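In the UniProt record's numbering, the protein residues as written are 1 to 346.
Encoded structure:
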């Protein structure tokens, strides 16, 4: 892709995100979401492969539908209350439509079908943007309207997301699809606590984005697209394979990694809200996700290929690791000890 065109699209992406997260008026928030959608489409389809074009088309149709529902929800609320302010979403029907629209934008169950397909058809770096940056504006809209949302509906969506995200990821061999189901599962954790402690949702999102960025950048450096390529990676890039092992364990939420922190705080808050059954269910369902993270980690570090594979091998080189991978990995592993400080901030 032409560097000037890429610069325009990335700038538009940042502009759309900034407009949405800083707006008070529904129409401005909707405008930001639309700019975001239009800016990411060329980045998804830049390879001109039929699969990439299909992914871009699916993404456009889903996001256009969700944006229409956001506008419809805000107009219904304005019709009944005369308020265009995002925090004044008081009409129950508008709240329900907005929850459906944002779930569609994020890829929460039962509106999740597009996300693995789109991620599989996108380049790895575009997949990283779709999993992190593109989810930030919808999460902020949920954060601003959290007082008006239906707790029962969100809890149901969250438990279904964690269950299906873990269950459907079990049988996958493509790394991008595994990361897509991982994202759906993490969104469930964010959604369940949204009504009770919105700041915890944002903290969970920041930590999730950091760990996911570390995994995607590592996979991109290793040029790994599926598990069979991952099995031959240890001999080519042992340091990157070790980094991938650690970040995957953190993403799975195992102590003493950073990924354990949001799960721990969410379970604690759910227990305080007399929602111990929901906390138990979501904790047990996250074991499904743990299985496929461990399978990825096992393939990356413990499996040695028993035979020569068909794809080309690179020569073993001691290329320096990308500094951003090093920084993100360090943060993904070592933030748990400063959790008391983070707890005081939120």
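Virtual Cβ for every residue (Gly too), placed ideally from N, Cα, C. These numbers come from a predicted model, not from an experiment.
Boundaries of the alpha helix (DSSP H) in which residue i is found, first to last residue
i	result
residue 220	198-222
residue 373	There is no way to answer for residue 373, as the model of the chain reaches only from 1 to 346.
residue 75	50-81
residue 339	339-345
residue 135	Looking at the DSSP string, residue 135 is not in any alpha helix (DSSP H), and its letter there is neither H nor E.
residue 86	Element bounds for residue 86: n/a, residue is neither H nor E.
residue 20	3-22
residue 259	Careful: residue 259 lies outside any alpha helix (DSSP H) and carries neither H nor E.
residue 323	323-334
residue 120	114-121
residue 237	First-last for residue 237: undefined, no H or E at that position.
residue 286	276-301
residue 41	26-44
Per-residue DSSP class, three states only, for residue i
i	result
residue 186	helix
residue 171	coil
residue 226	strand
residue 194	coil
residue 165	helix
residue 181	helix
residue 151	helix
residue 146	helix
residue 253	coil
residue 273	coil
residue 241	helix
residue 126	helix
Outcome for residue i when other beta-carbon atoms lying within 10 angstroms are tallied against a minimum of 16
i	result
residue 327	exposed
residue 26	buried
residue 208	buried
residue 55	buried
residue 2	exposed
residue 24	exposed
residue 87	exposed
residue 197	buried
residue 293	buried
residue 48	exposed
residue 14	exposed
residue 341	exposed
residue 296	buried
residue 4	exposed
residue 113	exposed
residue 8	exposed
residue 338	exposed
residue 325	buried
residue 30	buried
residue 79	exposed
residue 37	buried
residue 282	buried
residue 35	buried
residue 343	exposed
Residue j beta carbon less than 7 Å from that of residue i
i	j	result
residue 104	residue 66	yes
residue 187	residue 246	no
residue 53	residue 122	no
residue 248	residue 259	no
residue 120	residue 46	no
residue 240	residue 222	yes
residue 118	residue 58	yes
residue 41	residue 60	yes
residue 267	residue 276	no
residue 142	residue 102	yes
residue 81	residue 149	no
residue 166	residue 185	yes
residue 219	residue 125	no
residue 336	residue 256	yes
residue 299	residue 231	yes
residue 95	residue 76	no
residue 145	residue 202	no
residue 180	residue 115	yes
residue 39	residue 74	no
Is the region 137-156 touching the region 15-34, taking contact as three or more C-beta pairs under 8 Å?
At 8 Å Cβ cutoff, the stretches touch.
I want to know whether the region 119-130 touches the region 66-78 - three or more CB-CB distances under 8 Å.
Fewer than three Cβ pairs drawn from the region 119-130 and the region 66-78 lie within less than 8 Å of each other, which leaves the two stretches out of contact.
Tell me whether the region 329-339 and the region 198-216 touch, counting them as touching only if at least three CB pairs, one residue from each stretch, are closer than 8 Å.
Under the three-pair Cβ rule at 8 Å, the region 329-339 counts as touching the region 198-216.
Any contact between the region 157-166 and the region 275-290? By contact I mean 3 or more CB pairs, one from each, below 8 Å.
Yes: the two stretches touch, three or more of their Cβ pairs being nearer than 8 Å.
Whether or not the region 261-270 and the region 223-231 are in contact is what I'm after, with contact meaning three or more pairs of Cβ atoms, one per stretch, closer than 8 Å; do they touch?
These segments do not touch.
For the structure I just gave you, are there three or more beta carbon pairs, one from the region 172-179 and one from the region 187-199, closer than 8 Å?
Below 8 Å, too few C-beta pairs join the region 172-179 and the region 187-199 to call them touching: fewer than three.
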